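Protein chains: 2
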Amino acid sequence: MSQSQQKDGNKGAGKGEAFVTAITPQSEDFSRWYLDVVRRAELADYTMVKGCMVIRPYGYAIWERIQHLLDARLKATGHVNAYFPLFIPESLLMKEADHVAGFAPEVAWVTHGGSEKLEERLAIRPTSEVIIGTLYAKWLQSWRDLPILINQWANVVRWEKVTRPFLRTTEFLWQEGHTAHETEAEAEEETLKILQVYKEFVETELAMPVIEGRKSDSEKFAGASKTYSIEALMGDGRALQAGTSHNLGQNFAKAFDIKFQGRDKVEQHAWTTSWGVSTRLIGGLIMVHGDDSGLVLPPNIAPYQVVIVPIPRGNWQETVLPPAQAIRDQLTAQGVRVMLDARDAYTPGWKFAEWELRGVPIRLEIGPKDIEKGQVVLARRDTREKQFVPMADLLPQVSQWLLDIQAGLLEKARQLREERSHYTESYEEFKALMAGARPGLIYAPWCDDAVVEAQVKTETQATIRNYPFTAPSAEGKACFVTGRPALVMACFAKAY
Amino acid sequence: MSQSQQKDGNKGAGKGEAFVTAITPQSEDFSRWYLDVVRRAELADYTMVKGCMVIRPYGYAIWERIQHLLDARLKATGHVNAYFPLFIPESLLMKEADHVAGFAPEVAWVTHGGSEKLEERLAIRPTSEVIIGTLYAKWLQSWRDLPILINQWANVVRWEKVTRPFLRTTEFLWQEGHTAHETEAEAEEETLKILQVYKEFVETELAMPVIEGRKSDSEKFAGASKTYSIEALMGDGRALQAGTSHNLGQNFAKAFDIKFQGRDKVEQHAWTTSWGVSTRLIGGLIMVHGDDSGLVLPPNIAPYQVVIVPIPRGNWQETVLPPAQAIRDQLTAQGVRVMLDARDAYTPGWKFAEWELRGVPIRLEIGPKDIEKGQVVLARRDTREKQFVPMADLLPQVSQWLLDIQAGLLEKARQLREERSHYTESYEEFKALMAGARPGLIYAPWCDDAVVEAQVKTETQATIRNYPFTAPSAEGKACFVTGRPALVMACFAKAY
Numbered sequence: 000m001s002q003s004q005q006k007d008g009n010k011g012a013g014k015g016e017a018f019v020t021a022i023t024p025q026s027e028d029f030s031r032w033y034l035d036v037v038r039r040a041e042l043a044d045y046t047m048v049k050g051c052m053v054i055r056p057y058g059y060a061i062w063e064r065i066q067h068l069l070d071a072r073l074k075a076t077g078h079v080n081a082y083f084p085l086f087i088p089e090s091l092l093m094k095e096a097d098h099v100a101g102f103a104p105e106v107a108w109v110t111h112g113g114s115e116k117l118e119e120r121l122a123i124r125p126t127s128e129v130i131i132g133t134l135y136a137k138w139l140q141s142w143r144d145l146p147i148l149i150n151q152w153a154n155v156v157r158w159e160k161v162t163r164p165f166l167r168t169t170e171f172l173w174q175e176g177h178t179a180h181e182t183e184a185e186a187e188e189e190t191l192k193i194l195q196v197y198k199e200f201v202e203t204e205l206a207m208p209v210i211e212g213r214k215s216d217s218e219k220f221a222g223a224s225k226t227y228s229i230e231a232l233m234g235d236g237r238a239l240q241a242g243t244s245h246n247l248g249q250n251f252a253k254a255f256d257i258k259f260q261g262r263d264k265v266e267q268h269a270w271t272t273s274w275g276v277s278t279r280l281i282g283g284l285i286m287v288h289g290d291d292s293g294l295v296l297p298p299n300i301a302p303y304q305v306v307i308v309p310i311p312r313g314n315w316q317e318t319v320l321p322p323a324q325a326i327r328d329q330l331t332a333q334g335v336r337v338m339l340d341a342r343d344a345y346t347p348g349w350k351f352a353e354w355e356l357r358g359v360p361i362r363l364e365i366g367p368k369d370i371e372k373g374q375v376v377l378a379r380r381d382t383r384e385k386q387f388v389p390m391a392d393l394l395p396q397v398s399q400w401l402l403d404i405q406a407g408l409l410e411k412a413r414q415l416r417e418e419r420s421h422y423t424e425s426y427e428e429f430k431a432l433m434a435g436a437r438p439g440l441i442y443a444p445w446c447d448d449a450v451v452e453a454q455v456k457t458e459t460q461a462t463i464r465n466y467p468f469t470a471p472s473a474e475g476k477a478c479f480v481t482g483r484p485a486l487v488m489a490c491f492a493k494a495y
Numbered sequence: 000m001s002q003s004q005q006k007d008g009n010k011g012a013g014k015g016e017a018f019v020t021a022i023t024p025q026s027e028d029f030s031r032w033y034l035d036v037v038r039r040a041e042l043a044d045y046t047m048v049k050g051c052m053v054i055r056p057y058g059y060a061i062w063e064r065i066q067h068l069l070d071a072r073l074k075a076t077g078h079v080n081a082y083f084p085l086f087i088p089e090s091l092l093m094k095e096a097d098h099v100a101g102f103a104p105e106v107a108w109v110t111h112g113g114s115e116k117l118e119e120r121l122a123i124r125p126t127s128e129v130i131i132g133t134l135y136a137k138w139l140q141s142w143r144d145l146p147i148l149i150n151q152w153a154n155v156v157r158w159e160k161v162t163r164p165f166l167r168t169t170e171f172l173w174q175e176g177h178t179a180h181e182t183e184a185e186a187e188e189e190t191l192k193i194l195q196v197y198k199e200f201v202e203t204e205l206a207m208p209v210i211e212g213r214k215s216d217s218e219k220f221a222g223a224s225k226t227y228s229i230e231a232l233m234g235d236g237r238a239l240q241a242g243t244s245h246n247l248g249q250n251f252a253k254a255f256d257i258k259f260q261g262r263d264k265v266e267q268h269a270w271t272t273s274w275g276v277s278t279r280l281i282g283g284l285i286m287v288h289g290d291d292s293g294l295v296l297p298p299n300i301a302p303y304q305v306v307i308v309p310i311p312r313g314n315w316q317e318t319v320l321p322p323a324q325a326i327r328d329q330l331t332a333q334g335v336r337v338m339l340d341a342r343d344a345y346t347p348g349w350k351f352a353e354w355e356l357r358g359v360p361i362r363l364e365i366g367p368k369d370i371e372k373g374q375v376v377l378a379r380r381d382t383r384e385k386q387f388v389p390m391a392d393l394l395p396q397v398s399q400w401l402l403d404i405q406a407g408l409l410e411k412a413r414q415l416r417e418e419r420s421h422y423t424e425s426y427e428e429f430k431a432l433m434a435g436a437r438p439g440l441i442y443a444p445w446c447d448d449a450v451v452e453a454q455v456k457t458e459t460q461a462t463i464r465n466y467p468f469t470a471p472s473a474e475g476k477a478c479f480v481t482g483r484p485a486l487v488m489a490c491f492a493k494a495y
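Protein sequences appear in the order of chains L and V. So the first sequence is numbered by numbering that gives the first Met the number 0: it starts at 0 and just counts up by one. So the second sequence is numbered by numbering that gives the first Met the number 0: it starts at 0 and just counts up by one.
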């Protein structure tokens, strides 16, 4: 990222109708389309700090919806929030060998405080297992203190070479849960419970269908015993890892001395987990639902579910504006999130295009003629259906459409994913599919060999997304690459 | 801060009744009392990172209440949230001369990313005027884009030598608002509007009475034209700055090129403001209301407003627990935040002490005899009043008490502040008062001379908290130190 972008304050006058046409079509260049949407819809912007973005108010409002809806689910399952330090002393980060190997190359280091050189360098957290583990070791005494179920909403930093807004940035926002348990089985149960929370949340609220499964050993979290993930298919046929849940076994407990006196009075190590989703979800939201006119937001996550555009004829501020305001107030009272765009300096056409670009699920138009006839015009962003709706039917119609759009987006994404899911037992076919324009997901019987996995990645750029829970058994099948007996069914894709 | 503390996992068994007696009485050592409460009530804990604390779940739940209640007020006044980068390139930080002078000594510097040395050092934001100003310069084009009213909830880092949980830590959480306006008058109006939002919020929700006023030039924010603050009096007679609002004039606009085309088509610099409150408010909450038994939380901010303690007689889990659960559900349905403490390993006496320590406003006791009589016992944390309440009156009684406690705490704090507020025209009397055990606030006519201000600070440790809006006029009075004509009435105190 660089500061080479021009001023784009597109609230200013004079940019007029060119606004939307400035988006690259998906079919022409999906990656360019993505960046255009991010910038034009004012979701995020580049900054003068390498790899760091600013999340602009409209993008941040989506993040606030995500926080609100996921936080409630985490609390309902017994988790509480806390806040741990940004800094990790170098010696502490070095304690868990796999973890160090995984994260040290991407750590930002603080070496000076004011004018003083620090005695020990401080890592800016790339993730917080280390710092949190050290505190759990301090707090934990007895089996009665377990489980510890803590989550934090925080920023983390990973020194990335290639960045892209929301998908991969040097600093990003996320939630990271960290739990400690009495037994191995409880830790595994927690890891899977959270995976289900993520799946249900992402599908229900973001209308983004996901495939849940276990990661291969080479793709698991640095320091974990097992990593599970949810994976979504984007509009360009690539996959996005949308959330991960790690069973850390006793690896961190041993490295950081997280011990307790058991029911049997014997001191033992706890079993820990960690799990997270990040602002990356916003990138997924854009790429799953967006089209050539811009964003398409599921109503549950949309900052505004309805935008009201008054049609300015004659003395509209006396005739059209008051009923428009009344409608806004009515809908708001019903819990609908409404934006009334009464700005004077823009034409209705410009506003239509802008709010389409911003993905608002329903547009409500109201002009002098509509008022005469006791009606309004409703337009759906997803299907572009337009309807005249009598005022008396407005509330039920809006409520119904919001439900329909939410369900419709999920169904559409699911269908698209099915169309782009393949099964093969032939590496040749696999290679041909992966070389296509929108490669999609390929299920294949798999020998579970990290060396072969690396070979497939080199030859096709495809990686194992996970071993899906719902995939058919691989029993009796031969690995599609080596012909050796398959141990598991794997889901491959080119991934973000 | 160091890691010298022992394990304090006081959820463990075997610590029994010694729990509360371990708090130092306020009268013996207020500072020690404060630290005891923070640790014993599990609000925060020390970490192995110098000057950095962990905010534990109970402390963080208070912060979440603060966020929730203040965020709603900021949104209601037209502000939106966003998120800006953690890092500020050194060259950028150096652009506003006063700002640099104020903040450079306390900046933490990132010099390496992974194994590479950075070409330019990155400051971890001590505050974000610089980074946000640079982006406003990019976004702002026309007067139509104004005002820009953005807030962010974030962590910031200031390299502090002496730290104390919540009150002064190397890393802390806060909100920082940053706005840009067309005219000087609008910027001043915003600065004062936010000061009023802070005052109303802190008094209504935290029951913490504050004095609003303007800071002296030597105490204003580095780079501001004017700084306003709200100041609260703590239980030990010291003052705490609870929030600040800065009118930045055109200082940052000029340093960072925040310009727009005005209504007159002439390019001009914007007028900007910034303002913030932080986790420091939690320190204030502890010190304003707390007593020798621990925390006393105002109901509006308390994570739990009512704790239910079932009295375990006989087969209580069949007889007492179900009605206790029913009461919890009833209260919860009415929007009351309830904790049912059904833990088996602790006695009621231990639980009473623990929840007193944690400042829960109302305790509800229920045992077999109460159930026979169709009643419960309610106990107020603030006044320690205890009442038998018939089940039929429970809901209204709890609601009434919550209101009474909220109002009572504010009133009590206000009375205490009045008792400890003095007016003097004599520097000798001033010195005597400031040398007392609980010095309080001293109002005095003042010549507004920074040199004399420094002298008073050296001689008495007292600083000017602000020039209160509500103080009587200083007209015709002589400065209490120099005898020169007083220009303003100042409020002095020893401060945190």
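No residue lacks a Cβ here, since even glycine has one placed at the ideal position from N, Cα and C. Since this is a predicted model, take the numbers as computed values, not measurements.
Check whether residue i and residue j have beta carbons under 9 Å apart
i	j	result
I300(L)	R327(L)	no
S244(L)	H177(L)	no
H111(L)	R120(V)	yes
F479(L)	S425(L)	yes
Y495(V)	M93(V)	no
G358(L)	G293(L)	yes
S420(V)	I404(V)	no
V109(L)	V109(V)	yes
I370(V)	V319(V)	yes
Buried or exposed (CB count within 10 angstroms, at least 16 for buried), residue i
i	result
T133(L)	buried
V265(V)	exposed
S26(V)	exposed
P471(L)	exposed
A391(L)	exposed
T331(V)	exposed
P389(V)	exposed
F468(V)	exposed
Q4(L)	Confidence at Q4(L) is low in this model, with a pLDDT of 34, below 50, so the placement of that residue is unreliable and no value is reported for it.
H268(L)	buried
A179(L)	buried
Sheet register partners of residue i (DSSP bridge)
i	result
L440(L)	S420(L)
C51(L)	Per DSSP, none; premise fails for C51(L).
H268(V)	K258(V)
M338(V)	V306(V)
Three-state class that DSSP yields for residue i in the structure shown
i	result
K94(L)	coil
I210(V)	strand
Y227(V)	strand
Y426(L)	helix
W108(L)	strand
G282(L)	helix
P297(V)	coil
Y82(V)	strand
L486(V)	coil
Contact with chain B by residue i, beta-carbon distance below 9 Å
i	result
D328(L)	Here chain B cannot be found, since the structure's protein chains are L and V.
Inset, instruction - Would you list, in chain order, the members of the stretch 99-110 of chain L that have their beta-carbon closer than 7 Å to a beta-carbon of chain V? - result: P104, E105, V106, A107, W108, V109, T110
Legend entry - Residues in the stretch 274-304 of chain L having any Cβ partner in chain V nearer than 7 Å: none
Inset, instruction - Could you run through the stretch 335-368 of chain L and flag, in chain order, every residue whose CB is less than 8 Å away from some CB of chain V? - result: A344
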